[in-house]
Amino acid sequence: MTDKPLIIVEDLAKTFVLHNAEQATIPVFQDLTLQVAAGECVVLAGESGVGKSTLMRSIFGNYLPTVGSVKVWHDGTYVDITQASPHEVLEVRRRTLGYVSQFLRVIPRVPTLQLVMEPLLENGVSFEESKERASELLSALRLPQAHWDLPPATFSGGEQQRVNIARSFIRKYPVLLLDEPTASLDAENRAIVVRLIQEALAEGAAMIGIFHDLDVRDAVASRLFEVAQFKAAA
Amino acid sequence: MNAIPGRIAPAPLLSVEGLTKWYGHVLGCRDVAFDLRPGEVLGIVGESGSGKTTLLNCISGKLTPTAGEVRFDTRRFGLTDIYGLSEPDRRRMQREEWGFVHQNPRDGLRMRVSGGANVAEPLMNLGARHYGQMRQSTIDWLDRVELDTRRIDDKPRNFSGGMQQRIQVARNLIHGPRLVFMDEPTGGLDVSVQARLLDLLRELVRDLGLAVIIVTHDMAVARLMADRLMVMKGGEVVETGLTDQVLDDPQHPYTQLLVSSVLQI
Numbered sequence: 044m045t046d047k048p049l050i051i052v053e054d055l056a057k058t059f060v061l062h063n064a065e066q067a068t069i070p071v072f073q074d075l076t077l078q079v080a081a082g083e084c085v086v087l088a089g090e091s092g093v094g095k096s097t098l099m100r101s102i103f104g105n106y107l108p109t110v111g112s113v114k115v116w117h118d119g120t121y122v123d124i125t126q127a128s129p130h131e132v133l134e135v136r137r138r139t140l141g142y143v144s145q146f147l148r149v150i151p152r153v154p155t156l157q158l159v160m161e162p163l164l165e166n167g168v169s170f171e172e173s174k175e176r177a178s179e180l181l182s183a184l185r186l187p188q189a190h191w192d193l194p195p196a197t198f199s200g201g202e203q204q205r206v207n208i209a210r211s212f213i214r215k216y217p218v219l220l221l222d223e224p225t226a227s228l229d230a231e232n233r234a235i236v237v238r239l240i241q242e243a244l245a246e247g248a249a250m251i252g253i254f255h256d257l258d259v260r261d262a263v264a265s266r267l268f269e270v271a272q273f274k275a276a277a
Numbered sequence: 369m370n371a372i373p374g375r376i377a378p379a380p381l382l383s384v385e386g387l388t389k390w391y392g393h394v395l396g397c398r399d400v401a402f403d404l405r406p407g408e409v410l411g412i413v414g415e416s417g418s419g420k421t422t423l424l425n426c427i428s429g430k431l432t433p434t435a436g437e438v439r440f441d442t443r444r445f446g447l448t449d450i451y452g453l454s455e456p457d458r459r460r461m462q463r464e465e466w467g468f469v470h471q472n473p474r475d476g477l478r479m480r481v482s483g484g485a486n487v488a489e490p491l492m493n494l495g496a497r498h499y500g501q502m503r504q505s506t507i508d509w510l511d512r513v514e515l516d517t518r519r520i521d522d523k524p525r526n527f528s529g530g531m532q533q534r535i536q537v538a539r540n541l542i543h544g545p546r547l548v549f550m551d552e553p554t555g556g557l558d559v560s561v562q563a564r565l566l567d568l569l570r571e572l573v574r575d576l577g578l579a580v581i582i583v584t585h586d587m588a589v590a591r592l593m594a595d596r597l598m599v600m601k602g603g604e605v606v607e608t609g610l611t612d613q614v615l616d617d618p619q620h621p622y623t624q625l626l627v628s629s630v631l632q633i
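Going line by line, the protein sequences match chains A and B. In our numbering, each residue carries its 1-based index in the first sequence increased by 43. In our numbering, each residue carries its 1-based index in the second sequence increased by 368.
Right, here's the structure in full:
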């Protein structure tokens, strides 16, 4: 394990420009600086619309920041996600940077078990081992076994959410971004997810999370990070 | 800073530079440049008439560009401008190392010979003569694209549009190409058939480590298939980037329009 921060965000700014809405500009944040060390879970705080998800998506490479850098510790060096080429970003995502979104983006026809196995298969784990680990995790998350061979398109919100969580926790990603992973879960399932997060932290993962549920937040947060302090002037 | 150590960046499989095509005074595409790596899937998106197909045809050796180079890492000559090769050499390279899946299966299949013969033909073109082996290989591929292998001797016209497209896919993968071009491969199919075919293509591309250039006007197809996108408008590339970034945070006015015009269901 390294004592270097696994995520370094420097002087980050994001402004949306909507060209087809009379060039409306929506400034979100500017001069934003944040570091996250191994074993640390930084929880993004602030009310809706303050830019928590925008920051997280900018770190994942899903949004393109206007200025600044997002360095992720990958393979013994820092990769600046804002400058890296598409294949480099995909490589960092495959091996280092996991992301649990609020919603599962369903791929038609692919059964649940296979979806959950995919991150392992893509990292060269054997089919048998991948299947075993996916089964264990789906059992732990109490997803009925009758669902495993079905594509999750028709599942309830909570069930899809658990498939999403299983996909991201089946491998030990060194860096994890969690965008309300427990939003549509009941108390028991929330507790299971909290345990998964705590285990990953104990093993040295660096995390950035958004949690509206205060119990979950208190159980996993190392510290809070107010996004509003970097509010960009409109 | 950005180089990923421990892995020497492999040379590009395909390198396009300054590619321009004029049809008289009408612009097809202008000054297109990009590199494609082995195993990478590039999506070219844009509305009808934006130059997607012109670009694809220029890259795939079907249409001589007015200016620019298309360099491919050929097995026999290394990284070479394909338009610098002699016609027979270029055709041989296309047959051996490339595949091309057309939107309309009738453009990619020979309708007078059986589905099985269509699939086996590329092997024969490359010198295979053992009938039993070719038939077995054909049966394997029909199975792989989820077609009933008992229908190996049926003519393409007796298959549905979705099945014809599967035959075309098998025909274009059986000889082990390294680069496959796809022009709206699911364009003419109804949505349920489209979803199955896309899923099949996605699996094959991943399992075979194929490099693919896929042209589509369908953003959902682009999201599902492509690692990265090139957005075209009026013959020019207006935006490029990681697929989910281009679709979720488009920068160019035209891309914003394109993405916001997608109907939600």
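Even for Gly, the Cβ is constructed at its ideal location relative to N, Cα and C.
Three-state secondary structure (DSSP) of residue i
i	result
A:R266	strand
A:A209	helix
B:S482	coil
B:W509	helix
B:Y622	helix
B:G408	Correcting the residue identity first, residue 408 of chain B is Glu in this sequence and not Gly. The answer is coil: DSSP assigns B:E408 none of H, G, I, E or B.
B:R534	helix
A:Y106	coil
B:Y499	helix
A:L163	helix
A:A81	coil
A:D229	coil
B:K523	coil
C-beta contact flag for residue i and residue j at 8 Å
i	j	result
B:L615	B:M598	no
A:N166	A:R136	no
A:V115	A:T139	yes
A:P108	B:L610	no
B:S418	B:M600	yes
A:L98	A:V79	no
A:L147	A:P195	yes
B:L494	B:N486	no
A:F268	A:L77	yes
B:I581	B:L410	yes
A:S96	A:K57	no
A:P224	A:V143	yes
A:L180	B:Q624	no
B:R398	B:E607	no
A:G94	A:V270	yes
A:L228	A:A243	no
B:G436	B:E385	yes
Residue-level contact to chain A via CB, residue i, 8 Å cutoff
i	result
B:G609	yes
B:Q471	no
B:S628	yes
B:L592	yes
B:A563	yes
B:P621	yes
B:Q533	no
B:L625	yes
B:D567	yes
B:Q613	yes
B:E415	no
B:R398	no
Within-8 Å CB hit, residue i to chain B
i	result
A:G278	In this structure chain A extends from 44 to 277, so residue 278 of chain A is not present and cannot be described.
A:L156	no
A:H130	yes
A:I150	yes
A:N63	yes
A:L163	no
A:L133	yes
A:V218	no
A:V71	no
A:L107	yes
A:V168	no
A:V153	yes
heavy atom of the ligand NAD below 7 Å from residue i C-beta
i	result
A:G201	Summarising the ligand content, the structure contains no ligands, and the ligand NAD is consequently not present.
Cβ separation of residue i and residue j, assumed to be a contact under 8 Å, to the nearest whole Å
i	j	result
B:M550	B:V469	4 Å
B:L568	B:G407	Between B:G407 and B:L568 the Cβ distance is about 18 Å, and since that is not below 8 Å, they are no contact.
B:I412	B:L404	Not confirmed; about 11 Å, so no contact.
B:M502	B:A488	5 Å
A:R210	A:L156	That pair is no contact at about 11 Å.
B:W390	B:T434	5 Å
B:V589	B:L566	6 Å
Is it the case that the region 433-447 of chain B contacts the region 504-517 of chain B, given that we only count it when at least three CB pairs across the two stretches are under 8 Å? Contact between the region 504-517 of chain B and the region 433-447 of chain B is not established, with fewer than three Cβ pairs separated by less than 8 Å.
Hey, is the region 118-125 of chain A in contact with the region 533-546 of chain B, meaning 3+ C-beta pairs nearer than 8 Å? Too few Cβ pairs lie closer than 8 Å, so no.
Between the region 241-260 of chain A and the region 61-69 of chain A, do at least 3 Cβ pairs fall closer than 8 Å? Short answer: they don't touch.
Flag this pair as touching only if the region 257-271 of chain A and the region 231-239 of chain A have three or more C-beta atom pairs under 8 Å; answer yes or no. Touching, yes, given that three or more Cβ pairs across the two stretches are closer than 8 Å.
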